[in-house]
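Worksheet for the structure shown next.
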Amino acid sequence: TNHTLGDNDKALKEYSVLLDKMANIEDMPVDAVVIHNSAGKLFFEGGKLDKAVQFFRQALHEAETAGNLQLKSEITLNLANALSARGEGDKAMELYGKLLKTKQLKKTKISFLTRFNKSLLLIKMGELEKAKEILHKIVETRSPTANGVKGNIFLTLGNLAISEGNVDEALDYFGKSLDVAGDEDFSARADAMRSIALAQLRKGEPDKAIAALEDVLEDLLNSDVVGNTVNLLTAEIWNCMSYVYRKVGDLGQAKNFAKLALQTYKADLGETNPVTLRNVSNLQLILLEEAEGLEKSEAKSIIDAAKFEMEETLEAFISFDDPWTYRLDVASLKTNLGLVAIWQGKPKKARKLVRQIKEIELPPDHPLEHRVAVLEERLGELEKKKN
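Residue numbers (my numbering): -11 to 375.
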């Protein structure tokens, strides 16, 4: 129930208790396949990929023993997606291939979901044309079963168009995603409208972007749905508002919306949840930008406070003891702390952070690469002055 309501932390605790009981008590009146698969989903959503893979594999073994084709195929897809997220593309592709070769699954929801997730992996691997071919084939199919994935496909095609600089084409795809979203599916509609807003911002139309996001917030406010799920979606939209205002240079509004989002994440997810920690980091970045426009005497207290928050957040991410999953968070925080060290006139500390960042594997063309380059450039200038 807590999983359905979006309270994953409570759900994970409940599953942990149940899994312990299952390990110690024989013939418990629960379906082990469903329990292990559900636990895997929770770990996957929480970014704990090793645990997710472990439980999906256990559930798959149990489903195969029971001869349950429907559950077996669903769990196989979950396992493939977890392996893909963990960077094991070859293993994931092998599982996608097995599912697509299963005749009983032809034109089922699992089949279309498999094709969609395979295309996402192909995009990650840089094989864009192959991915697009799969996505367009699903869109063109007349099977009603495919309708459930078409919204996400249009979003993906729109994002690809954005990456290729075709903003008008992207807006067309995002509009189609909105069209196929049901009136009651506020989450799908919000995703589409958020994508439309960010595309309008990229097109140089921030007023339209803000208006689109305000429409989403109004829809969420008037929605009959209450609780954790709608709260978190509202926080995501506030973060988008913050991003738009930051891009147009209104750091005051950007800060206000970032604070609203952070308050929600702290209340609904807890202070040590990775999503909450990322929002702490995002807010500090806005505060640092705001401080850059102030006199050094005024900026010092803001920068010192931001530095303290970022160091605490960095320690929290490191304490998760999962360097691969949180590598981008760690790299981002160390980059920001490096910039703070430069502002404080501490080149040795900044250089140490740069060396640590260089040891972290960043995805090709990741936006963080630009910020690291800025850090290195400013560090070089500071070192010249010091020498």
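We put the beta carbon where it would ideally sit given N, CA and C, even for glycine.
Please read all numbers here as calculations on a predicted model, not as lab measurements.
By the Cβ neighbour-count rule, F305 is buried, with 16 or more other Cβ atoms within 10 Å of its own. In this structure, G77 lies near M113, with their beta-carbon atoms less than 7 Å apart. Boundaries of the alpha helix (DSSP H) around E82: G77 to L88. In this structure, V155 and K138 do not form a Cβ contact; the two beta carbons are roughly 21 Å apart against a cut-off of 8 Å. The alpha-carbon separation between D353 and R359 amounts to approximately 12 Å. Here the region 41 to 52 makes no contact with the region 81 to 100; the two share fewer than three CB pairs at distances below 8 Å. Cβ contact annotation for A246 (same chain, cutoff 8 Å, sequence separation greater than five): W226, N227, S230, N267, N270, L271 and I274, in chain order. In this structure V362 is exposed. Its beta-carbon is surrounded by fewer than 16 other beta-carbon atoms within 10 angstroms.
If one requires a minimum length of 4 residues, the alpha helix (DSSP H) runs lying completely within the region 37 to 74 are 37 to 54 and 57 to 73, in chain order. The C-beta separation of S107 from A119 comes to about 4 Å, placing the pair in contact by the 8 Å criterion.
If you draw a straight line from the Cα of T102 to the Cα of N66, it comes to about 10 Å.
Rounded to whole angstroms, the separation of the alpha carbons of A180 and N105 is 19 Å.
Taking the Cα of I291 as reference, the smallest distance to any Cα among E300, E303 and E277 is reached at E277. In summary, N375 is exposed, with fewer than 16 beta-carbon neighbours lying within 10 Å of its beta-carbon over all protein chains present. V232 sits close to A197, with the two beta carbons spaced by under 7 Å.
Rounded to whole angstroms, the separation of the alpha carbons of G281 and L205 is 31 Å. Taken through DSSP and simplified to helix, strand or coil, W226 comes out as helix. For the options V328, P262, K97 and E364, the alpha carbon positioned closest to that of Y314 is the one of P262. Residues of the same chain with a CB within less than 8 Å of the CB of Q251, apart from the 5 flanking positions on each side, do not exist. I63 is positioned such that its CB atom lies no closer than 7 Å to that of A73.
Given a length threshold of 4 residues, each whole run of the alpha helix (DSSP H) inside the region 284 to 308 is given here in chain order: 284 to 307. Cβ-Cβ distances below 6 Å link N69 to N105 in the same chain, with the five nearest sequence neighbours on each side left out; the list follows chain order.
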